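Since the structure comes first, as structure tokens, the remarks are kept for the end.
Numbering (our numbering), first residue to last: 2 to 300.
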């Protein structure tokens, strides 16, 4: 069954956030969903404006609202315009809010019934420091929805999707979301292996042949588990390929992003136990900060 995406596109009306809105519109249009465009006037910025321009603050604020409303309406008209062969235009709703940006976005996604939050990787306003880790972590803690970070101007559907898996509860969900985002794109299921205490084994004088034997066994097991995971996700052999290596996971992901020509990376919000709800996984944070492709973080 095809997932219908009704995304919330967060926009600060800059060019990078326009790319995010365009990708959100593509996803909504392709799956029969609707699009919500949300622009947040930062509460702290408004308070500072009122303090600095007390005599004229009200008029300035009204002008800011009017300009933002017009820009949102123009963007909605552009994104919603019916495409060749479409029976009807895309339904786009605009929402201009005041408040704390991340909390407001999370609240709006919930209130509007959206099932995806889409943001630009950079921007002119509240998004300009988006990928410095802490901001990404705070938004992902606040929202229950998957978050797509858009880096590239969208021209086509995603062509190749990299899905790093660690066989945790997030892995199957990540594969499912990857298929929903681009049903025709081949998936690369990637797993980075390690031998527990490999360094200590060497220090203790364990022979290299023994360590190599452990490596081969772990790699065989990982490949088998990838096959089971693909089977559980109903992937045919033509729809996916396995990739297993002994490597540092973040570096391996970024290396394969380039080597495979992936234009989307789909990650689970890794973690376990108490830390799962408190911290975004270190691998996910690293990839969010360094990837050139768009990145989808699945909840």
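For each residue, glycine too, the CB sits at the ideal point set by N, CA and C.
Owing to the predicted nature of the structure, the values given are computational and were not obtained by experimental measurement.
Problem set entry | Collapsed DSSP secondary structure at residue 92 in the structure displayed | coil
Exercise. What is the rounded straight-line gap between the Cα of residue 26 and the Cα of residue 73?
Worked result: 14 Å
For this session: Spell out a yes or no on whether the segment 237–254 and the segment 146–157 are touching, meaning 3 or more CB-CB pairs, one atom from each, closer than 8 Å.
Result: no
For this session: Could you say which of 37, 108, 165 lies nearest to residue 91 if we only look at CA atoms?
Result: 37
Exercise. If you follow the alpha helix (DSSP H) that residue 167 is part of, which residue opens it and which one closes it?
Worked result: From DSSP, residue 167 is part of no alpha helix (DSSP H); its letter is neither H nor E.
Problem set entry | residue 183 burial status per 10 Å Cβ neighbour count (16 or more: buried) | buried
Exercise. Where residue 29 and residue 300 are concerned, what is the direct C-alpha to C-alpha distance, given to the nearest angstrom?
Worked result: 19 Å
Problem set entry | Whole-angstrom C-beta distance between residue 253 and residue 193, which should lie under 8 Å | 5 Å
Problem set entry | Beta-carbon contacts of residue 243 that lie in its chain and below 6 Å, excluding the five residues immediately before and after | 190, 224, 227
Exercise. What separation, rounded to the nearest whole angstrom, lies between the Cα atoms of residue 134 and residue 104?
Worked result: For residue 134, the predicted structure reports a pLDDT of 45, less than 50, and the residue's modelled location is therefore unreliable. A value from the coordinates is still provided. Roughly 17 Å separates the two Cα atoms.
Exercise. Can you give the Cα-Cα distance for residue 10 and residue 172, rounded to whole angstroms?
Worked result: 25 Å
Exercise. Does the separation of the CB atoms of residue 188 and residue 147 fall below 8 Å?
Worked result: no
For this session: Please classify residue 8: does DSSP put it in a helix, a strand, or coil?
Result: strand
For this session: Use the C-beta contact count for residue 66: other C-beta atoms within 10 angstroms, 16 or more gives buried, fewer gives exposed.
Result: exposed
Exercise. Are residue 102 and residue 41 touching if we call contact CB-CB under 8 Å?
Worked result: yes
Exercise. So what's residue 122 in DSSP terms, helix, strand or just coil?
Worked result: coil
For this session: Look at the alpha carbon of residue 292 and the alpha carbon of residue 169, and state the distance between them as a whole number of angstroms.
Result: 22 Å
Problem set entry | Reduced DSSP category for residue 147 - H, G, I as helix; E, B as strand; rest coil | coil
Problem set entry | 7 Å Cβ shell around residue 22 - same chain, five flanking residues per side excluded | 10, 12, 38, 76, 80
Exercise. Can you round the beta-carbon distance between residue 163 and residue 257 to whole angstroms, since I take them to be within the 8 Å contact cut?
Worked result: 6 Å
Problem set entry | Residue environment, residue 237, which counts as buried when at least 16 other CB atoms sit within 10 Å | exposed
Exercise. For the beta strand (DSSP E) that residue 191 lies in, which residues bound it at each end?
Worked result: 188–194
Exercise. What's the call for residue 145, buried or exposed, on a 16-neighbour Cβ count within 10 Å?
Worked result: exposed
Exercise. Starting from residue 1 and walking both ways along the alpha helix (DSSP H), at which residues does that stretch end?
Worked result: Residue 1 is absent from the model: the chain starts at 2 and stops at 300.
Exercise. Smallest Cα separation from residue 284: which of 216, 294, 268?
Worked result: 268
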